[in-house]
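Protein chains in written order, with this note's numbering: chain D, 15 to 260; chain P, 8 to 221.
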Amino acid sequence: MSAAPVYVLSRLGRSRGADVVLDIDALEVAAGEVLCLVGPTGAGKTTMLRILAGVEAPSSGELRVRGQVLGAGGLTLEQQRSVAMVFQRPLLLDRTVRENVAYGLAVRGTTTKDEQHTLVLAVLRRLGLEAFAERRARALSGGETHLVALARSLVLDPTVLLLDEPTANLDPARVTVVEKVVRDARDERGTTVVWATHNLFQARRCADRVALLLDGRLVEVASATDFFEAPKDARTRAFVRGEMVY
Amino acid sequence: MTEALAPIVVLSIEVSALALLISGAIGVPAGAWLGLASFRGRSLVRATVNAGMGLPPVLVGLVVYLLLSKSGPLASLDWLFTPSAMVLAQVLLCLPLVIGITAAAVAAISPELPLQLKSLGASAWQIRAAIVREARPGILLALTAAFGRSTSEVGAVLMVGGNIEGHTRVLTTAVVLETGQGHFATALVLGGWLLALTLAANVAIVRLHGRAPA
Chain D
15 MSAAPVYVLS RLGRSRGADV VLDIDALEVA AGEVLCLVGP TGAGKTTMLR
65 ILAGVEAPSS GELRVRGQVL GAGGLTLEQQ RSVAMVFQRP LLLDRTVREN
115 VAYGLAVRGT TTKDEQHTLV LAVLRRLGLE AFAERRARAL SGGETHLVAL
165 ARSLVLDPTV LLLDEPTANL DPARVTVVEK VVRDARDERG TTVVWATHNL
215 FQARRCADRV ALLLDGRLVE VASATDFFEA PKDARTRAFV RGEMVY
Chain P
8 MTEALAPIVV LSIEVSALAL LISGAIGVPA GAWLGLASFR GRSLVRATVN
58 AGMGLPPVLV GLVVYLLLSK SGPLASLDWL FTPSAMVLAQ VLLCLPLVIG
108 ITAAAVAAIS PELPLQLKSL GASAWQIRAA IVREARPGIL LALTAAFGRS
158 TSEVGAVLMV GGNIEGHTRV LTTAVVLETG QGHFATALVL GGWLLALTLA
208 ANVAIVRLHG RAPA
C-alpha cells in the first residue's frame, strides 16, 4: 500500500431515484494491488466498478483518478484507455473472436495489424482460447464469452483492470487459468485489479485486500489475511462464515 | 418484343438503382442518427418517419407532379415526364423506409454495448460506427425493402413519368399499359422480368451481407 493510489473515493454516492445504491465514505485503491469486492447481490459492487470504469457517473461525492478529480464529463479518453473492464454480462460484437479481442487495439490506432494479430493470439493462447480465434463470437457459450471479454481487456495491457464476476460461468480448470492470468498481470505488469466476486475462496487466493459491501456501504476493508482470519466487524465475521442472512 | 423490352428493363434498373442509391446515401446516415440520438421529440419524429413508410404512391406522385409542373416551384428543373422525376418520386417513397428501418435496427442494439465499447477505449465516433456496423442486417433489410418498393411502384412513376415509350416507360408502367390493351401474354413476360429483377437484387443484397467483413 505504499504506492500512490490509483483511485481515491470520498463520500462517493450513487442513487437511482430514491434508492441509494452506493454510499462510500472513503476508499483508496493502491497501484498494483488486487482489491476484491465481496458482498451479496445488490450490495453495490457492480455500480462501484462501473463508476471506476467511467461508464456510470456518481451522483455525489468525489472520485480522484491518479490524483485528478473526475469532472462532469467523466474520464478523459486518455484516462479511459488506461482502464479496462470485464462486465458481468459481456456483450461481444458480431465478429470473430480475434476481431473482438483486437477491437480495443484497433480503436487506439497505435499498433499495426500485424502487431495486433500477434498480441491477440498471445492473449488467446494464455487463456486457452487459440482454437476459438476464427469462431463467431455470438456462437460462444456464456463461459467462453466471459473469457473472450477478459482477453479483449487483457490485450490492452491496462494499468487498471476491473473485473465483474468474470469466472461466474467457468469450470474450475478455467477459473484457475483466469486467476493465474490476473495474478500475472499484477506481478509482471503492475496492473491494478478491482475484482468483484461472490467466491470467497477466490478472494482469499487472489486478493491483496478485500472489501465487504453491504447495501451500498463499505463495511470493512482489510488485507486478505486479516479479512478472513481476524475480521473486525461482526458483519464481516458473519459473512465470512456464511452465517449472514440478507 | 426483345428490342422493345431492353430499354424498358434498362430504364427500370437505372431508375430503381439510382433511387436506392440516393435513398441509402441520405436515409442510412439519417436513420442511424435518429436511432442513436436522444432529443426531445424523438418519438414524434420516429412516429412521423414510420407513418411515412405507408405514404400512398399516388399522393407522392401528385405532390411531385405539382412541384415540377409549369406553375410549381421546381418548374425550372424541367423534370416532368422525365426519368429524373421518376427517381425523385421513388426517393420520396423509399426514404421513410430506409430511415425508419435503419433507426429501428440501430435503436435495437443494447444500450449496454456503447458503455462496454467505451470501457475498451473507443471514442464516441468509434462507438457510433461500431453500433451502425452491428445494425448492418437491419440496414440491409431497409435497403432491400426500399428496392422492392421502388421496383414495384407504379402509381407515382406513371403520374410524373407519363409512361412515354423509349423515354420513361419502365416495367411496371408497361405492365399496366399492356394489360389495359389486353396483351396479357406480353404483360406476363414483363411481369416475369420485374420478378427476376427484384429477385436478382435481393440475392445480390443477401450475398453482400454474407461477404461483408463482419
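From the three backbone atoms N, C-alpha and C, an ideal C-beta is built for every residue, glycine too.
Residue-chain proximity (residue i, chain P), Cβ-Cβ < 7 Å
i: D:M15; result: With a pLDDT of only 49 at D:M15, under 50, the local geometry of the prediction cannot be trusted, and no value is derived from it.
i: D:A136; result: no
i: D:G53; result: no
i: D:F101; result: yes
i: D:G9; result: Only positions 15 to 260 of chain D appear in the structure, and residue 9 of chain D is not among them; the question remains open.
i: D:L105; result: yes
i: D:R149; result: no
i: D:Y117; result: yes
i: D:V121; result: yes
i: D:V69; result: yes
i: D:R223; result: no
i: D:D128; result: no
i: D:Q94; result: yes
i: D:D33; result: no
Option nearest residue i by Cα separation, candidates the options
i: D:F242; options: D:L107, D:N213 and D:G230; result: D:N213
i: D:F146; options: D:G118, D:A45 and D:E113; result: D:E113
i: D:D178; options: D:E202, D:L138 and D:A217; result: D:A217
i: D:T206; options: D:G75, D:L66 and D:P104; result: D:L66
i: D:I38; options: D:S74, D:V208, D:A221 and D:P54; result: D:S74
i: D:S237; options: D:R152, D:G85 and D:L51; result: D:L51
i: D:R95; options: D:L105, D:G81, D:L119 and D:R103; result: D:L119
i: D:T181; options: D:F101, D:Y21 and D:V48; result: D:F101
i: P:A152; options: P:F191, P:S130 and P:L27; result: P:L27
i: D:A40; options: D:T250, D:V235 and D:L106; result: D:V235
i: D:L176; options: D:P72, D:A98 and D:V69; result: D:A98
i: D:R109; options: D:G230, D:A225 and D:R149; result: D:R149
i: P:A37; options: P:A149, P:A181 and P:S157; result: P:A149
i: D:L164; options: D:A252, D:L105, D:L77 and D:L226; result: D:L105
i: D:G204; options: D:R188, D:L63, D:E193 and D:E47; result: D:E47
i: P:A24; options: P:D85, P:T109, P:E172 and P:V94; result: P:V94
i: D:L232; options: D:T90, D:T250 and D:L135; result: D:T250
i: P:I108; options: P:M60, P:H174, P:Y72 and P:L75; result: P:M60
i: P:I138; options: P:E119, P:G155 and P:R156; result: P:E119
i: D:L228; options: D:E42, D:P54 and D:G31; result: D:P54
i: D:F215; options: D:E202, D:A199, D:V195 and D:P186; result: D:P186
i: P:F154; options: P:L87, P:V56, P:V98 and P:L84; result: P:V98
i: P:T180; options: P:S50, P:S45, P:G168 and P:H190; result: P:G168
i: P:L18; options: P:L206, P:G173, P:L195 and P:T205; result: P:G173
i: P:A163; options: P:R49, P:V35 and P:L62; result: P:L62
i: D:V34; options: D:G230, D:T173, D:A116 and D:A248; result: D:G230
C-beta neighbour in chain D for residue i, strict 7 Å
i: P:A221; result: For P:A221, the predicted structure reports a pLDDT of 41, less than 50, and the residue's modelled location is therefore unreliable. The matter cannot be settled from this model.
i: P:G145; result: no
i: P:L172; result: A small correction: the amino acid at residue 172 of chain P is Glu; Leu does not occupy that position in the sequence shown. Chain D, which has no Cβ nearer than 7 Å to the Cβ of P:E172, makes this no.
i: P:A129; result: yes
i: P:I106; result: no
i: P:L122; result: yes
i: P:S45; result: no
i: P:S126; result: yes
i: P:Q133; result: yes
i: P:E141; result: yes
i: P:E160; result: no
i: P:E119; result: yes
i: P:L215; result: no
Residue i: first and last residue of the uninterrupted alpha helix (DSSP H) it sits in
i: D:L23; result: D:L23 -> not in any alpha helix (DSSP H); beta strand (DSSP E) instead, spanning P19 to R30.
i: P:G168; result: G162 to G168
i: D:V162; result: G156 to L168
i: P:I134; result: A131 to E141
i: D:H131; result: K127 to R140
i: D:V196; result: P186 to R203
i: D:K246; result: D:K246 -> no alpha helix (DSSP H), and no H or E assigned at all.
i: D:G118; result: V111 to R122
i: P:S126; result: E119 to S126
i: D:L143; result: Taken as a continuous stretch (DSSP letters only), D:L143 belongs to no alpha helix (DSSP H), as it is neither H nor E.
Limits of the unbroken beta strand (DSSP E) element including residue i
i: D:L177; result: V174 to D178
i: D:L41; result: D33 to A44
i: D:L51; result: V48 to V52
i: D:A236; result: R231 to S237
i: D:V224; result: R223 to L228
In DSSP terms, what residue i is bridged to
i: D:M99; result: D:L176
i: D:A210; result: D:L51 and D:D178
i: D:G88; result: D:G85
i: D:R150; result: D:T110
| query | Unbroken alpha helix (DSSP H) runs of length 4 or more, entirely within the region 37 to 110 of chain P: which are they? | reply | 49 to 59 and 64 to 75
| request: Any chance you could list the beta strand (DSSP E) runs of at least 3 consecutive residues sitting entirely within the region 58 to 84 of chain D, in chain order? | output: 74 to 79
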